[in-house]
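Q:
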Amino acid sequence: MPRLVIILFCAAYVLPGFWGREPWKAADIVSFGVMLDMAQGHSSWWLPTLDGLPVTEPGLLAYWLGALFVQALPGLPAHWAARLPSVLLLCLTLLATWYASYHLARQRGAQPVSFAFGGEAQPADYARALADAALLALLACLGLAQLSHETTPDLARLAAVAGLLCAAAWLAHAPRTGAASLALWGLSLLGLLLSGAPWLTAVLGTGLGLLLYRHQPQTRASYAAAGLLLLVLLIGWAGWQMGLISSPGTRGVPTPDWASWGRLLVWFTWPVWPLVLWTLWRWRRALGHVHVALPLWVVLVAVVDSLLTTQRDRALLLALPALATLAAFALPTLRRSMAALIDWFTLLFFTVCGVVIWVIWLAMMTGVPAKPAANVARLAPGYEPVFSMGLWLTAALATLAWLALVAWRVGRHRNAIWKSLVLPAAGSVWCWLLLMTLWLPLLDHARSYGPTARRLASWVPANSCVLTLGLSPAQTVGLRYHGGLRLLRVGTEVAAANQCQTLVVAPYAQASLGERVNLSQWVLATSVSRLNDKRESLLVYQRTGDRAPGTANSSGP
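Quick note: the sequence shown uses my numbering, first residue 468, plus one each step.
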């Protein structure tokens, strides 16, 4: 593929979702809150806390990067500055996936059979074509879109796993390249370790190291990689023992729900899993070859890990670069009928999705069709549509590009090996871009704590603090950042808390409210909820004799 086309593909996928939106609930805004506390000096950089409480999601590397960028770019909104490392990490993931596939495709066992009179593809050209296909396959994965655009440690883990696979493929292809490939190997292991995954570091690193040793038993690079692996694992073990890398209780073994897990595997890894199965079938006699064994090991570890954790989708995210790499090796043996089926199904699926996004946007703007407009009003009460010429123009240009690509794909052109993955990747990028442009104000209203925080802030007297009881970490960060409120938990900083004029209580904590505060000093003023979610309604109390700036004793959504 032309390099400019690939760069535009990646830019159209990476940038929407990072720029212009507010932090969303819940993992996104919690991670941002940790970064903000670290940048402002309210949290230790080695033992991160949020509102004085230990962080339940380990991942020092992501928190460090976000906090450093917030400190380095004070002129930007803090949540934009904290996202810049995530942009870079996603770009590194895409780049590492391309190079991992390229180096694996250069293996002798992965190359096409030479013709008797020549005319076969050149090794480098063939490898580049498969690498392009792997990149398109990764962009097409449905499970990648949202999680890869959040400001969470998951993206650091994803980049580290992709980098580790790339380093292993590089060592397998050119074991004597020396410092560069070994440096990538070591940095990837260390990055995965500092991203809160010591056991994944050990299992992935050990398995890939053994496969490399089996593939290149006589090379010094393999021995050096094994030595570096041992060093990093010792560091990981020591860090885990000291409690610096991961905290207890972050992962647990849930009761297996095979049906739910199976559904997750099907939609999260679509459309690459059928191609992966085809790869494993056609290469079934060569599963021990390095171009199949290396990505297959990463897939197996990530899939098993997703079964053994409560956050299955975030664990499965780490399998996507390796799955995309395996999917690319299906294309040389893919039958024309199967390729046509993929094209037509993809064309129908993403065209319908894009039309639905446009129709609902039109209903929000004009009220026609009436039913979608009524559904939006019911699901997002209080939302008032805002037209943005820049967002609309971006969505319109993306739609024209999709139509042009469809016209090109159904035409008669040179049969490039990556053509079967163009429509899946382009459809995924197009629909994601439409969501992050046409629907961005609606999604911000629905998934951000901004509207709730601003409504609640109108009840707080100027220069007054707010007592809280039972708020989740996401709610705490949302009220602080969007509402500009100074929050104090009930029972902490008693002298300062006595000056607070407002008390905010989560509904589930209301039963124990009388045991924590003197109720004779407080009167219920209102209830503020996020959309129609009663589970996230917040009860607002005020000290007796003090009236809120808003309408007293009113109840709002």
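All C-beta atoms, glycine included, are put in the ideal place defined by N, C-alpha and C.
Remember, predicted model here, so these are calculated numbers, not experimental data.
When the Cα of Leu860 is compared with those of Ala626, Glu851, Leu905, which residue comes out closest?
A: Of the listed residues, the one whose Cα sits closest to Leu860 is Leu905.
Q: To the nearest angstrom, how far is it from the Cα of Thr668 to the Cα of Val765?
A: Rounded to whole angstroms, Thr668 to Val765 spans 11 Å at the Cα level.
Q: Here's the rule: buried if 16 or more other CB atoms are within 10 angstroms of the residue's CB, otherwise exposed. What is Phe812?
A: By the neighbour-count rule (16 or more Cβ atoms within 10 Å), Phe812 is not buried but exposed.
Q: Are Phe485 and Ser553 touching if we call contact CB-CB under 8 Å?
A: For Phe485 and Ser553, yes; Cβs fall inside 8 Å.
Q: Looking at Pro544 and Met903, is the spacing between their C-beta atoms short of 8 Å?
A: No, Cβ-Cβ distance for Met903 and Pro544 is not below 8 Å.
Q: Taking the alpha carbon of His640 as the point to measure from, which residue in Ser568, Leu747, Gly663 has its own alpha carbon closest?
A: Of the candidates Ser568, Leu747, Gly663, the one whose C-alpha sits nearest the C-alpha of His640 is Ser568.
Q: Quick check: the Cα distance between Leu632 and Leu910, rounded to an integer number of angstroms?
A: One C-alpha to the other measures close to 35 Å.
Q: First and last residue of the alpha helix (DSSP H) that includes Val826?
A: 803-833 is the span of the alpha helix (DSSP H), which, as asked, contains Val826.
Q: With H, G and I counted as helix, E and B as strand and the rest as coil, what does DSSP make of Tyr850?
A: Note: Tyr850 maps to coil in three-state DSSP.
Q: So for Ser895, helix, strand or coil by DSSP?
A: DSSP places Ser895 in helix when its eight states are reduced to three.
Q: Does the Cβ-Cβ distance between Ala635 and Leu551 come in under 8 Å?
A: Not a contact, by the Cβ cut-off of 8 Å.
Q: For the alpha helix (DSSP H) that contains Leu761, what are its first and last residues?
A: Unbroken alpha helix (DSSP H) run through Leu761: 757-774.
Q: CB Cys558 to CB Ala791, shorter than 8 Å?
A: Cβ atoms of Cys558 and Ala791: not closer than 8 Å.
Q: If you compare alpha carbons, which of Leu528, Gln966, Leu754 is closest to Gly576?
A: Comparing Cα positions, the closest option is Leu754.
Q: Counting only runs that start and end within the region 636-690, where is the beta strand (DSSP E) found for 3 or more residues in a row?
A: Qualifying beta strand (DSSP E) stretches: none in this window.
Q: Using 8 Å as the threshold, is the C-beta distance between Leu649 and Leu602 below it?
A: Cβ distance not < 8 Å, so Leu649 and Leu602 don't count as in contact.
Q: Using only alpha-carbon positions, find the residue among Ala627, Ala806, Tyr948 that is nearest to Asp518.
A: Checked all of Ala627, Ala806, Tyr948; the closest Cα to Asp518 is Tyr948.
Q: Look up Leu528 in the DSSP assignment and say whether it is helix, strand or coil.
A: Looking at Leu528 - three-state DSSP - the assignment turns out to be helix.
Q: Which class does Thr935 belong to by DSSP, given the choice of helix, strand or coil?
A: Correct three-state label for Thr935: strand.
Q: What are the boundary residues of the beta strand (DSSP E) that includes Arg797?
A: As written in the sequence, residue 797 is Ala, which differs from the Arg given in the question. That residue, Ala797, is in no beta strand (DSSP E); it is neither H nor E in DSSP.
Q: Assign Arg916 to one of three DSSP states: helix, strand, or coil.
A: Strictly speaking, residue 916 in this sequence is Tyr, with Arg absent from that position. Residue state, collapsed to three classes: coil.
Q: Under DSSP, the beta strand (DSSP E) around Leu955 begins and ends at which residues?
A: First-last of the beta strand (DSSP E) with Leu955: 954-956.
Q: Measuring straight from C-alpha to C-alpha, what distance separates Ala964 and Gly945?
A: Taking the straight line from one Cα to the other gives about 20 Å.
Q: When the Cα atoms are used, what is the spatial distance from Trp989 to Leu540?
A: The straight-line gap from Cα to Cα measures roughly 42 Å.
Q: Provide the residue span of the beta strand (DSSP E) that contains Leu731, from first to last.
A: No beta strand (DSSP E) contains Leu731, which is instead part of the alpha helix (DSSP H) from 725-735.
Q: Run through DSSP, which three-state label would Gln1009 get?
A: Strand.
Q: Could you tell me the distance, in whole angstroms, from the CA atom of Tyr850 to the CA atom of Pro490?
A: Computed Cα separation, rounded: 18 Å.
Q: Would you mind reading off the limits of the beta strand (DSSP E) that contains Arg997?
A: Counting along the chain, the beta strand (DSSP E) containing Arg997 begins and ends at 989-997.
Q: Helix, strand or coil for Pro490 per DSSP?
A: DSSP places Pro490 in coil when its eight states are reduced to three.
Q: Cβ atoms of Trp875 and Trp897: under 8 Å apart, would you say?
A: Going by C-beta atoms, Trp897 is not nearer than 8 Å to Trp875.
Q: Counting along the chain, where does the alpha helix (DSSP H) carrying Thr746 start and finish?
A: Here the alpha helix (DSSP H) through Thr746 covers 739-749.
Q: Measuring alpha carbon to alpha carbon, tell me which of Gly834, Gln977, Ala863, Asp810 ends up nearest Gly821.
A: Gly821 has its Cα closest to that of Ala863, out of Gly834, Gln977, Ala863, Asp810.
Q: Of the residues Arg953, Pro918, Ser510, Trp734, which one's Cα is nearest the Cα of Val927?
A: That would be Arg953, whose Cα lies nearest to the Cα of Val927.
Q: So, at 7 Å on beta carbons, what are the nonlocal neighbours of Leu475 in its own chain, with the 5 sequence-adjacent residues on each side left out?
A: Counting only Cβ-Cβ distances below 7 Å, and skipping sequence neighbours, we find nothing.
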